[in-house]
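Trainee: 666 is the number of the first residue of the sequence shown in the working numbering; add one for each residue after it.
Glycine residues also receive a C-beta, built at the ideal position from the N, C-alpha and C atoms.
Got a structure for you, questions after.
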Amino acid sequence: MTPPPPTQSVRFISNCFVKTPTLSPHQNRPLHLPPFDLAMLSFHYIQKGLLFPLPPHCLHPGFDRPSFIHSFLEKLKRFLSPTSTRSPAASQPSTSSPGARFIHAALNLHMADILSPVYVPTIIQSFFDHDRAIHHDGHVLSLLSVQVTELTNGVFIGLSMSHAIVLTRWFPENHPGPVSLPYTDDPLSFLARYEAPELGEHAFHFSADAIVGLKAEANRQCSTTKISSFQSLTALVWRCITRACCFPPGQATSCQMGVDNRARLDSPLPLEYFGNSVVPLRVAAMVGELLGSGLKWAARLLHTASGIKTFNPYSVMMGSSPRFNMHGNKFGLGKAVALQSGYAHKFDGKVSTYPDREGGGSIDLEICLPLATMAALEADAEFVAVVTIS
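Next comes the structure, spelled out in structure tokens:
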């Protein structure tokens, strides 16, 4: 029996920090953490990345690829935000911050080696800096890190970013901050680090027509017009994953969603507010009730979701959002062929929602499950009837 080929590793070429030489007094003012941000101190850094094919002329024999890559990297460095360099909770002045980290790496791998497997290859995790870092680590780590990994016929741009990065900061009226925590001298008393179990990651595609049909069916069954497309899709995913887990009917299960709070405040925040303003919502049910009551019951329950107070390990968590224009950043390389995420925020039952590359209302779901549960989901009749199998 032929042994498997050795696992390749990323080769790091260069590493530097990017910052502006001077900061204005306005840029250098303290930025305190409001409640929305303090709640995320134990969260992983955000890790999202885009895979781009190299322009065809870059693959021709005799093309000066090193010069092309050097020019591309220099242009990319100039667009790194100089305000994303330090933790607002850090005691040192921002003038001592090293800046945003910029890494150039390479890997002898084709794009097909990333796109062809059914499950997302774990090598993707090495395309991101600050592996397993949490936001409190921003006291000593850069808040923003960009890793550009050259592939044989493509480029992967991986962004690792703390939730603490802001352009402005929202605080409740008449409370400019800071918000003092009673245990700041002992970070171990309020920080937690999470190690994910071995999981399979599978990207599933739902066409716009399938989502329209799902929404129509949920509203028809509920005799209403108020169930949204996202609530309908979430209800389907919650039911199908719960069934794939083979939980007993008497087991409590839940579904959690992160909801944008910008428009819900009084006065509302601008939609482009670059800070944390999210509310976690949760609904719960017994497995037998969820699976025996149909799509309408789950969709109606999600429509009336309330704030989350506890964490249930028998749960599905919907993250990210199909409203974000993930594929709008082309970096001079055209539209990315794939959106990928790193190790961060991966656990059993995590579902990340992204807009499809072509837009038009289609949605891609990145689902993380143990391999046996994933196989059961892929064979679930209700799920397969709606998802597009590639």
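Thinking C-beta only, is ALA770 closer than 7 Å to THR817?
Mentor: no
Trainee: Closer than 8 Å is the cut-off here; do at least three beta carbon pairs connect the stretch 867 to 881 with the stretch 928 to 938?
Mentor: no
Trainee: Quick one: give me the first and last residue of the alpha helix (DSSP H) that SER736 is part of.
Mentor: 730 to 743
Trainee: Buried or exposed for TYR784, going by 16 or more other Cβ atoms inside 10 Å?
Mentor: exposed
Trainee: Run through DSSP, which three-state label would MET951 get?
Mentor: strand
Trainee: What do you reckon, are the CB atoms on SER825 and GLN1005 nearer than 7 Å?
Mentor: no
Trainee: Restricting to runs no shorter than 4 residues, where is the alpha helix (DSSP H) found entirely within the stretch 868 to 945?
Mentor: 873 to 887 and 894 to 910
Trainee: For a test of the three-state rule: what should DSSP assign to LYS961, helix, strand or coil?
Mentor: helix
Trainee: Using C-beta distances below 7 Å, list every residue in its chain close to ALA755, excluding the 5 sequence neighbours before and after it, in chain order.
Mentor: Confidence at ALA755 is low in this model, with a pLDDT of 43, below 50, so its placement is unreliable and no value can be given for it.
Trainee: What is the DSSP secondary structure of SER759, reduced to helix, strand or coil?
Mentor: A caution first: SER759 carries a pLDDT of 47, below 50, which makes its placement in the model unreliable, though a value can still be read off. If DSSP states are grouped into helix, strand and coil, SER759 belongs with the helices.
Trainee: The beta strand (DSSP E) that contains PHE701, what's its start and end?
Mentor: From DSSP, PHE701 is part of no beta strand (DSSP E) but of the alpha helix (DSSP H) over 700 to 703.
Trainee: Quick one: complete beta strand (DSSP E) runs, 3+ long, within the stretch 975 to 1046?
Mentor: 980 to 985, 1003 to 1006, 1015 to 1020 and 1028 to 1034
Trainee: Can we say the stretch 993 to 1001 touches the stretch 930 to 944, given the rule of at least three CB pairs closer than 8 Å?
Mentor: The stretch 930 to 944 and the stretch 993 to 1001 do not touch, with fewer than three beta-carbon pairs separated by less than 8 Å.
Trainee: Tell me, which residues are paired with GLY865 by DSSP?
Mentor: LEU1034
Trainee: Between which residues of its own chain and GLY823 is the CB-CB distance below 6 Å, once the five residues before and five after are set aside?
Mentor: GLY714, PHE792, PHE793 and GLN812
Trainee: Taking the continuous beta strand (DSSP E) assigned at ALA771, which residues delimit it?
Mentor: 765 to 771
Trainee: Any contact of the stretch 722 to 729 with the stretch 694 to 704, i.e. 3+ C-beta pairs under 8 Å?
Mentor: no
Trainee: Considering only their Cβ atoms, is the gap separating TYR1008 from ASP796 smaller than 7 Å?
Mentor: yes
Trainee: Spatial neighbours of LEU738 within its chain, please: CB distance less than 7 Å, with the 5 preceding and 5 following residues excluded, ordered by chain position.
Mentor: HIS769 and VAL813
Trainee: How far does the beta strand (DSSP E) with LEU774 in it reach, from first residue to last?
Mentor: Per DSSP, LEU774 lies in no beta strand (DSSP E) and is assigned neither H nor E.
Trainee: Would you identify the three-state DSSP class for ILE678, choosing helix, strand or coil?
Mentor: strand
Trainee: Going by DSSP in three states, SER781 sits in which element: helix, strand or coil?
Mentor: coil
Trainee: Based on the DSSP secondary-structure assignment, which residues constitute the bridge partners of GLU815?
Mentor: GLU815 is bridged by DSSP to ALA771 and VAL820.
Trainee: Over the uninterrupted beta strand (DSSP E) stretch that includes PHE717, give me the two end residues.
Mentor: 711 to 718
Trainee: Since I believe ALA857 is in contact with SER980 (beta carbons under 8 Å), could you give me their beta-carbon distance rounded to a whole number of angstroms?
Mentor: That pair is no contact at about 17 Å.
Trainee: Taking the Cβ atom as the reference point for each residue, do ASN884 and ILE892 lie within a distance shorter than 7 Å?
Mentor: yes
Trainee: Just the Cα atoms here: how many angstroms apart are GLY959 and ARG965?
Mentor: 11 Å
Trainee: Is it buried or exposed for ARG947, if we count other Cβ within 10 angstroms and need 16 for buried?
Mentor: It counts as buried.
Trainee: Work out the CA separation of PRO913 and THR1018 for me, nearest whole Å.
Mentor: 28 Å
Trainee: Figure out for me which residue from ALA765, ASN941 and ASP1013 has the closest Cα to the Cα of THR806.
Mentor: The amino acid at residue 806 is misidentified as Thr; the sequence shows Leu. Closest by alpha carbon: ALA765.
Trainee: On a CA-only basis, which of GLN921, ILE1054 and VAL1016 is nearest LEU864? Give me that one, please.
Mentor: Checking every option, the nearest Cα to that of LEU864 belongs to VAL1016.
Trainee: Rounded to the nearest angstrom, what separates LEU780 and SER942 at their Cα positions?
Mentor: 33 Å
Trainee: Assuming THR1038 contacts ALA909 (C-beta within less than 8 Å), just tell me the rounded distance between them.
Mentor: 5 Å
Trainee: Assign THR685 to one of three DSSP states: helix, strand, or coil.
Mentor: coil
Trainee: Suppose you measure from the CA of ASN990 to the CA of ASP1021; what does that come to, to the nearest Å?
Mentor: 10 Å
Trainee: Roughly how many angstroms separate the alpha carbons of GLU937 and GLY878, rounded to a whole number?
Mentor: 31 Å
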